[in-house]
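When you line the sequence shown up against our numbering, it's residues 60 to 270, in that order.
Have a look at the structure below before the remarks.
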Amino acid sequence: MDSSDIALDTILQRRTNCSTLSSELRTLAQRIYCRCPTATDLLDKNSVLATCSAPHLFLERDDSQDAMDALPSLRPLPRLIPTLYVGMAAIDLVSHYKYVGIWITSITRNIFSKHHTVKASKARSVSYASFSTESFVRVLPREKLYEAWVDPHLTSGCEVVLDTDLSLTAELGTPQKHFLRRPLDLNPRCMLSIIFTETGILPLRYRRACS
């Protein structure tokens, strides 16, 4: 028995979840082949096949639910929706779900539309909260408050949630413009360029692209 077989036996002896086991198998396969294995390589290795089909491989129910909420919504649902199970636990079919901080929905054309709506609402809420302190604090550091409170919501998940829908991006841009107009005493019909040149803050579309 070589070192690779011993390592596989060690993995089999431990009860581990799916993500940990996948990581260990990938690391082990890279050591066996000295490169990233292909599907053919894995099928040729009986020991790896035995590991993947072992009863110690578990699927986490929460992760399975996350994968199921992205069902296509461009066609009507069937009259009888089947129930899927992971072991003895039924997987809930939901219209939207929050996964690693990002909202995903299956009832709109853009799967990230709810994420934009939620983050825009939170940005407005923290903006109003900062405005309410004006009567208690004489001078507010507007730029610092924006960077600390508002900007994190407007740029949340921008590495994954790409701006492919300009209407949703505009929904996020409204709280930014509203917040930056307030300290400059500008009305909603003012030129937008003045807001950014006076504050030194990037417009949201450029800010999200640079993050």
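All residues carry an ideal CB built from backbone N, CA and C; glycine is no exception.
Whole-Å CB distance - residue i paired with residue j, under 8 Å assumed
| i | j | result |
| --- | --- | --- |
| Leu261 | Cys269 | 7 Å |
| Ser189 | Trp208 | 6 Å |
| Ile161 | Val219 | 6 Å |
| Pro234 | Ala179 | 6 Å |
| Thr273 | Arg138 | No statement about residue 273 is possible, as the shown extent of the chain runs from 60 to 270 and does not include it. |
| Thr176 | Glu230 | 7 Å |
| His237 | Ser186 | 6 Å |
Residue i, buried or exposed, once every other Cβ within 10 Å from all chains shown has been counted against 16
| i | result |
| --- | --- |
| Ile163 | buried |
| Lys173 | buried |
| Gly232 | buried |
| Phe171 | buried |
| Leu227 | buried |
| Leu204 | buried |
Whole-angstrom distance between residue j and residue i, CA atom to CA atom
| i | j | result |
| --- | --- | --- |
| Leu133 | Pro211 | Confidence at Leu133 is low in this model, with a pLDDT of 47, below 50, so the placement of that residue is unreliable and no value is reported for it. |
| Phe255 | Leu245 | 12 Å |
| Leu243 | Leu263 | 18 Å |
| Val159 | Gly216 | 9 Å |
| Thr258 | Thr223 | 27 Å |
| Leu143 | His155 | 17 Å |
| Leu251 | Tyr265 | 14 Å |
| Val145 | Lys157 | 20 Å |
| Arg240 | Pro200 | 14 Å |
| Glu193 | Glu206 | 18 Å |
| Leu225 | Ile140 | 34 Å |
| Leu152 | Ala182 | 30 Å |
| Leu221 | Ser165 | 17 Å |
| Phe195 | Ile150 | 50 Å |
| Asn169 | Glu202 | 32 Å |
Enclosing beta strand (DSSP E) for residue i [first to last residue]
| i | result |
| --- | --- |
| Tyr158 | His155 to Tyr158 |
| Ile150 | Careful: Ile150 lies outside any beta strand (DSSP E) and carries neither H nor E. |
| Ile161 | Ile161 to Thr164 |
Start and end residues, alpha helix (DSSP H) containing residue i
| i | result |
| --- | --- |
| Ile140 | It is not in any alpha helix (DSSP H) - Ile140 carries neither H nor E in the DSSP assignment. |
Cβ-heavy atom distance, residue i to the ligand SAM, below 7 Å
| i | result |
| --- | --- |
| Thr233 | Absent from the structure shown: the ligand SAM. Ligands present: none. |
Chain B within 8 Å of residue i, Cβ atoms only
| i | result |
| --- | --- |
| Leu245 | In the displayed structure, chain B is absent; only one protein chain is listed. |
Which full runs of the alpha helix (DSSP H) of 4+ residues lie inside the segment 167 to 248, going along the chain? Within the segment 167 to 248, complete alpha helix (DSSP H) segments of at least 4 residues are found at 172 to 190, 201 to 204, 210 to 213 and 225 to 243, given in chain order.
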